[in-house]
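Number of protein chains: 2
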Amino acid sequence: MADALRIGIAGLGTVGASLVRILQQRGNELAVACGRQITIAAVSARNRNRDRGVDLSGMAWFDDPAEMAEKAEIDVFVELMGGANGAADASVRAALTRGLHVVTANKALLARHGVELAKLAEEKGALLNYEAAVAGGIPVIKTMRESLTGNSFTRVYGIMNGTCNYILTRMEKEGLSFADCLKEAQRLGYAEADPTFDIEGNDTAHKLAILTTLAFGNRIAADDIYLEGISNISIDDIHAAADLGYRIKLLGVAQKTDTGIEQRVHPTMVPYDSVIAQVDGVTNAVAIESDILGELLMVGPGAGGNATASAVLGDITDIAKSRPGAQRVPAFGRPAELLEPYRQAEIKSHEGGYFIRLTVQDRTGVFASIASKMAENGISLESIMQRSKKQHVEGEPQTIILVTHATTEASVRKAVASIRTEGYLVGDPQVIRIERPKSV
Amino acid sequence: MADALRIGIAGLGTVGASLVRILQQRGNELAVACGRQITIAAVSARNRNRDRGVDLSGMAWFDDPAEMAEKAEIDVFVELMGGANGAADASVRAALTRGLHVVTANKALLARHGVELAKLAEEKGALLNYEAAVAGGIPVIKTMRESLTGNSFTRVYGIMNGTCNYILTRMEKEGLSFADCLKEAQRLGYAEADPTFDIEGNDTAHKLAILTTLAFGNRIAADDIYLEGISNISIDDIHAAADLGYRIKLLGVAQKTDTGIEQRVHPTMVPYDSVIAQVDGVTNAVAIESDILGELLMVGPGAGGNATASAVLGDITDIAKSRPGAQRVPAFGRPAELLEPYRQAEIKSHEGGYFIRLTVQDRTGVFASIASKMAENGISLESIMQRSKKQHVEGEPQTIILVTHATTEASVRKAVASIRTEGYLVGDPQVIRIERPKSV
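Here the protein sequences come in this chain order: A and B.
All residue numbers for the first sequence refer to this note's numbering, where the first residue is 3 and numbers rise by one.
All residue numbers for the second sequence refer to this note's numbering, where the first residue is 3 and numbers rise by one.
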């Protein structure tokens, strides 16, 4: 049997502690699968004395993860600290500079510095594995980077934030408001005390930026993502969507178009009978569309200590099964220097169907006015309907729901702006994009 | 750049021709992704003169695939001929014996000889890759063998035959009979002229046997699979299932139980709101349950020239990215000699819910008799209902539908046998097992 693979783990939170436990409990099985032992030679965390429920004896302790990266007797540096900069960035750079393989679950780090890190890894002949950074336990990175090599990707999209999907699912199933569902998510530990990063789509954007680069070979462009969160989604939207045969999901979508690459994160209506529409609660799902294979959908746990540790473990065992310097899979599917500048397709040029919900004064001619504003902007309607409340009171504001055929974002914005000037709108219009899975 | 990887392709049917076309069209992209060229150095097929729409110039031609395996100047032998024995078996053995890596899409070959071939590959330091053998383009082999290393599997199940899923979907959506849908499937090329192998579950069984071995580390036991096809499913079953909140799918299920490993292929009721229930038409889906990750579901094209070629290509590029003799992933996740004897759990000991449809004479006391037979066999009922036709005619046979709570197959068989003796049954009872996804 080959020499043991020695790993150092930086960060002993939920995922780090799960990983230590699994490596200790599954030592024999892992040795059989990999043809060598995997030993935890070193660990690093902020507080040496905290009880994490795992036995750290026999492992070298480092207060400073960068020092562990530089000095520990290890082959693989496992970064589970999080954060785009600071200790995570410094220690991963130190590890790669030394030629160590790196396994990380850190989406923010990759979204910010992924290309530089990939370049550094290649120069040093090291592997940079990051399966856990996107969609937790779902092996989407390996699938895109390895299984689908040779495919040309057309669209990648998914439900990549469990907090948002939990809230949207609860709103629909229980008829509760966004605020109530958020509170419940916080009580259950599915949402942070400050949930902004999740519910406004930033977390999804980080993950999407990584998938976009894997799909289209551009340099990571996490700052050029069109972003809309779910805090604006009302139970009325969800009910109207259901009546029309849709469910609302927060999707991250990366798509190749004639004008460049679209990257967008927003609440999205997906057909009720599509497979992804059935993905409920904190579960994640990623759909990959490519020219040779067609569409592949992967559904699974997107977060949690064990699910994330499973992905980290897959990355570690991949290295254990290879021999030093033996295998070369560039971090983003092609050498970092061949990644192309990001050519952004503006959101205004997005083409697709739209759901538009308008609250209007109860006035004769409004319906006709809306329909003609749409027509003037070249928008063809699939349906336009007045959504009647249980008891309609004469003179009270009415809700009108439009569903468009494929059109452009620019047309929709112009039409809505034009409707605004007519003076019968009450409050702001709600505009939700419709996304249609190719086949499943 | 490293030396080109030279492959030889045996079998130039739909998949083989797709593969040749893709390798020729995507040469540059593949070289970038793999760090080396992939060249088709040799091909073998039955008829040299057939026009396959691809350019075979510059490739050495072999009439005999075994001769190609023995003599061609190649690094990888790609077997796309099919068949458990004969040329496929002989040439794969010859290739492995020579130390060539083998990529195959041949489920029958693996179900029959997989363990021996894996052993031979290990002895010779060769890789045996077979992603395309199970669920076409869905990367289930790589996911189980690599991404989930360290996980202990509990259940693997899926829709792995597009013909059956197409027929069941059409029956439900159009209200057509099994026979009519089969004819349509044949007309569209989704079913063979002799469809027995697909509709009776044998094809699913081959694939299941491979997944079982990957999941549970037993020697492949394709002959010890409990088999029921879909030809017995009526539109009445599908309607009754829908009324109860289920859909009927032909599933292959491998599951670890206290008494051993269950391998079964049969029509199965899955809850309507589960993700797998929404997988329609020729699409395949595989669910993998394991202790660390939880449940992962992968949905995608299970057949077709391109989808299968995509999986074959992934296997080839994996080899191209590694260096000769550099990586060791045992074919079934652990060395072949460590695969354990198959310990079969009898179908009679299967535990789960059951749907039972009985046609009975319109006679007082039948309902009570059925309920008491169930109770006598310790079967607890979730529901028992008389399914009324639109126009009930006094004295005509009635349909009674039972749904049981979790019980054993043995109990159900005893109860049904006991009901048979009562004399009020008309025709044969229909018994369909219910499978519940863990989470999604």
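Every residue, glycine too, gets a C-beta built ideally from N, C-alpha and C.
Residue i burial status per 10 Å Cβ neighbour count (16 or more: buried)
i: PRO303(B); result: buried
i: PRO343(B); result: exposed
i: ASN51(A); result: exposed
i: GLU81(A); result: buried
i: ALA181(B); result: exposed
i: VAL288(B); result: buried
i: ALA211(B); result: buried
i: GLN280(B); result: buried
i: SER59(B); result: exposed
i: THR215(A); result: buried
i: GLN388(B); result: exposed
Length of the line joining the Cα atoms of residue i and residue j
i: GLY29(B); j: GLY316(B); result: 14 Å
i: GLY18(B); j: GLN26(B); result: 12 Å
i: ALA86(A); j: ASP275(A); result: 38 Å
i: ASN131(B); j: HIS103(A); result: 25 Å
i: ASP226(A); j: ALA107(B); result: 41 Å
i: SER413(A); j: GLU378(A); result: 9 Å
i: LEU190(A); j: GLY138(A); result: 19 Å
i: ARG38(A); j: ALA96(A); result: 26 Å
i: ARG336(A); j: CYS166(B); result: 39 Å
i: LEU246(A); j: THR171(A); result: 17 Å
i: TYR168(B); j: MET162(B); result: 11 Å
i: VAL272(A); j: PRO439(A); result: 8 Å
i: ARG23(B); j: LEU295(A); result: 14 Å
i: ALA193(B); j: LEU360(A); result: 49 Å
i: ALA120(B); j: ILE381(A); result: 60 Å
i: ALA457(A); j: MET376(A); result: This structure cannot speak to residue 457(A), because chain A is shown only from 3 to 442.
i: ASP430(A); j: ASP239(A); result: 13 Å
i: GLN346(A); j: ILE434(A); result: 21 Å
i: ASN204(B); j: GLY88(B); result: 19 Å
i: SER154(A); j: GLU437(A); result: 20 Å
i: THR259(B); j: LEU178(A); result: 41 Å
i: VAL136(A); j: VAL314(A); result: 11 Å
i: ILE386(B); j: SER351(B); result: 24 Å
i: GLU290(B); j: TYR159(B); result: It is worth fixing the name first, because residue 290(B) is Ile in this sequence and not Glu. Approximately 7 Å, taken between the alpha carbons.
i: GLY127(B); j: GLY101(B); result: 7 Å
i: ARG157(A); j: ARG422(B); result: 56 Å
i: VAL362(B); j: VAL395(B); result: 14 Å
i: LEU301(A); j: ILE76(A); result: It is Val, not Leu, that sits at residue 301(A) in the sequence shown. So the alpha carbons of these two residues sit roughly 34 Å apart.
i: LYS416(B); j: ILE402(B); result: 18 Å
i: ALA44(A); j: PRO141(A); result: 27 Å
i: VAL267(A); j: GLU398(A); result: 34 Å
Identity of the residues DSSP links to residue i by a beta bridge
i: GLN388(A); result: ILE402(A)
i: GLN346(B); result: ILE263(B)
i: TYR356(A); result: ARG435(A)
i: HIS444(A); result: Because chain A here runs from 3 to 442, residue 444(A) falls outside it and cannot be looked at.
i: ALA12(B); result: SER46(B), GLU81(B)
i: GLY296(B); result: SER292(B)
i: ILE40(B); result: LEU7(B)
i: PRO303(B); result: THR285(B)
i: ARG157(B); result: GLN257(B), GLU291(B)
i: PHE64(B); result: SER46(B)
Within chain B, the residues that residue i reaches when beta carbons sit closer than 8 Å
i: ALA35(A); result: THR151, GLY152, PRO332, GLY335, ARG336
i: ILE1(A); result: No statement about residue 1(A) is possible, as the shown extent of chain A runs from 3 to 442 and does not include it.
i: LEU340(A); result: VAL34
Contacts of residue i in chain A (Cβ-Cβ under 7 Å)
i: THR145(B); result: PRO141
i: LEU130(B); result: Residues of chain A passing the Cβ test: none, with the nearest at roughly 14 Å.
Cross-chain neighbours of residue i in chain B, by beta carbon under 7 Å
i: ARG28(A); result: GLY152
i: ASP320(A); result: GLU148
Chain A contact residues for residue i, given Cβ-Cβ distances below 8 Å
i: ASP57(B); result: The contacting residues do not exist; ASP57(B) stays about 18 Å from chain A at best.
i: GLY32(B); result: The sequence shown places Leu at residue 32(B), rather than the Gly named in the question. What LEU32(B) touches in chain A: THR151, GLY152.
Chain-ordered neighbours of residue i on chain A, where CB pairs are closer than 9 Å
i: ASP5(B); result: Ordered by position in chain A, no residue passes the 9 Å Cβ test against ASP5(B), which lies about 14 Å from the chain.
For this session: Name, going along the chain, the residues of the stretch 290-318 of chain A whose beta-carbon falls closer than 7 Å to a beta-carbon of chain B.
Result: ILE294, LEU295, GLY296, GLU297, LEU298, LEU299, MET300, VAL301, GLY302, PRO303, ASN308, ALA309, ALA311, SER312, LEU315, GLY316
For this session: Identify each residue in the stretch 342-359 of chain B for which the Cβ-Cβ distance to at least one residue of chain A is less than 7 Å, and report them in chain order.
Result: none
Exercise. Of all the residues that make up the stretch 69-81 of chain A, which are near chain B by a beta-carbon distance shorter than 9 Å?
Worked result: none
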